[in-house]
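Report on the following structure.
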Amino acid sequence: MSWNQVSQAMGPPDIAPIPEPGPDLSKNTRVYKDKIVIFYIEMKEVIEEGKIRFHEVVTNIEVCKKK
Amino acid sequence: MLTLDDFMRKAEGKLKVYKTFRLQADKEITEKLTICIPDMHLLERGPNDDFLDGKPEYEERFLGLLDFLLNLRQEGGDGLEIIQLGDMFDLWQAKWNTNMIVSAYPSIIGLLDKMKTIYVVGNHDIDLVQWYKDKGETFGRRWRYYSKAEGKLRAIYEHGFQADFANNQDSLSGAIGREVTRIVGMMEYIYPDIDVILGSTWDSVVRAFSKYNVFTPVRDPQGFNLHEYLKFYIGLLERYNSGDTLDHFGPEEVDLSLAVIGHTYTARLMKMPKNGKVYYLMDCGSWVNGGHEIGAISGRDMAIFH
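Top to bottom, those sequences are chains A and B.
Numbering (the numbering used here) for the first sequence: 1 to 67.
Numbering (the numbering used here) for the second sequence: 68 to 373.
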């Protein structure tokens, strides 16, 4: 899923304080306040070193703008 | 149908009979090579538990087993049946959120699903047997499963907690036990390590109850250890065979000889003659805390592999 798809669903990010030092969230981070986001996840079959493995992928998101 | 010897040969030395647990039944038990996977308790100790004692090699080894079974399945199609015997998910620690477990172990879940695994529930994932209006049984779980040979039910597969006195729903003590289990589950929700702190206390309570299930047979000619659930399961198989159950099978459809369980973490394979028949109990051990056992049945032949 590209960022464009996410931003179309969620709109422009909110201005929010930079997170505390520790996790590297200040770089390339978008913050949304007061929103509930539902991520729809499915399993995707991939081949890793010749073996079948599974990854979770986001197939859709839904944004609830009102609580 | 692959024989157990074929199965071992294809594993190229990676599977060995556990202790001396291999025997021939007096009649056909399955018409497919049936592989039984016991307790895994995914996520019981959090996202990096790697089947409880935090060893990633255990997960890798399990994935290796699934790769091998997937190859067999692709070669043999429906001639291979895989049954997971319950307590695959540990919902107590995952706070009843199955998504956390899928997220931690996507390849394990994905491979088992790809092989059309039959899932039976245990006492740590019992809440996955849920029937919702308009959706049916959502998680694809069963209370128990059966296999047939020669047109009759010959083996029953369930987790094994049903034999545990404190969880036996057929009795008042079982109903109380279930409530105790729920309370312990709620305590774990509030404080996830409470089961570790109460571990020995809880175990001693279960031991005190389970002694009521002990059956003292004549001296076992095979020298196997007594199984504390033997009496319960022979009784269950006899009730089925006589039609004395609430299940929908009539006595003409049933000739059960074998019960396959997990739950105790201690692999055993037992044989017990009673009332002119021979009954078998296969306890498939576990995949937690270093356990690496599976049960396997092909026709009359049955074994526990490590």
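C-beta: ideal position from N, C-alpha, C; glycine also.
B:Q169, buried or exposed, once every other Cβ within 10 Å from all chains shown has been counted against 16: Within the second sequence, residue 169 of chain B is the residue found at index 102, counting from 1. Per the sequence shown, residue 169 of chain B should be read as Val rather than Gln. Buried, since its Cβ has 16 or more Cβ neighbours within 10 Å.
Taking 7 Å as the threshold (beta carbon to beta carbon), is B:G131 in contact with chain D? Given the protein chain composition of this structure (A and B), no chain D is represented.
Pop quiz: B:T97 and B:G366 are said to be a contact at Cβ under 8 Å. What is the actual Cβ separation, rounded to whole angstroms? Your numbering for residue 97 of chain B matches position 30 in the second sequence. Your numbering for residue 366 of chain B matches position 299 in the second sequence. With a Cβ gap of about 7 Å, B:T97 and B:G366 count as contacting.
Just the chain B side, please: which residues come within less than 7 Å of A:M1 by C-beta, in chain order? As a first step, residue 1 of chain A must be located in the first sequence, where it is residue number 1. The contacting residues do not exist; A:M1 stays about 17 Å from chain B at best.
Contacts that B:L24 makes with chain A (C-beta to C-beta distance below 9 Å): A question about residue 24 of chain B goes unanswered here, because the residues of chain B that appear run from 68 up to 373.
DSSP beta-bridge partners for B:F372? The count along the second sequence starts at 1 and reaches residue 372 of chain B at position 305. In DSSP, B:F372 forms a bridge with B:V84 and B:I361.
Run through DSSP, which three-state label would B:L69 get? To locate residue 69 of chain B, count along the second sequence from 1; it is residue 2. If DSSP states are grouped into helix, strand and coil, B:L69 belongs with coil.
Closer than 9 Å by beta-carbon distance: list the chain B residues that pair up with A:M79, in chain order. Outside the shown range of chain A (1 to 67) lies residue 79 of chain A, about which nothing can therefore be said.
May I ask you to list, following chain order, the residues of the segment 133-166 of chain B that have a beta carbon less than 8 Å from some beta carbon of chain A? D134, L137 and N166
Based on the DSSP output, what are the partners of B:P340 in its beta bridges? Here residue 340 of chain B corresponds to residue number 273 of the second sequence, with the count starting at 1. The partner list for B:P340 (beta bridge, DSSP) reads B:V345.
Consider the Cβ of B:S174: report whether some Cβ of chain A lies at a distance smaller than 7 Å. On the second sequence, position 107 is the one that residue 174 of chain B refers to. Cβ-Cβ to chain A under 7 Å: yes for B:S174.
Return helix, strand or coil for A:E45, following the three-state DSSP convention. On the first sequence, position 45 is the one that residue 45 of chain A refers to. It is a strand residue.
Please say whether B:Y172 and B:L109 have beta carbons closer to each other than 7 Å? Position 42 of the second sequence, counted from the first residue, corresponds to residue 109 of chain B. Position 105 of the second sequence, counted from the first residue, corresponds to residue 172 of chain B. It is a contact, given that the beta carbons lie within the stated cut-off.
Of the choices A:M43, A:K51 and A:K35, whose alpha-carbon is the least far from that of A:M10? Looking up residue 10 of chain A in the first sequence gives position 10. Comparing Cα-Cα distances from A:M10 to each of A:M43, A:K51 and A:K35, the minimum goes to A:K35.
Cβ neighbour criterion (16 or more within 10 Å) applied to A:V31: Here residue 31 of chain A corresponds to residue number 31 of the first sequence, with the count starting at 1. The residue is exposed, with fewer than 16 neighbouring Cβ atoms inside 10 Å.
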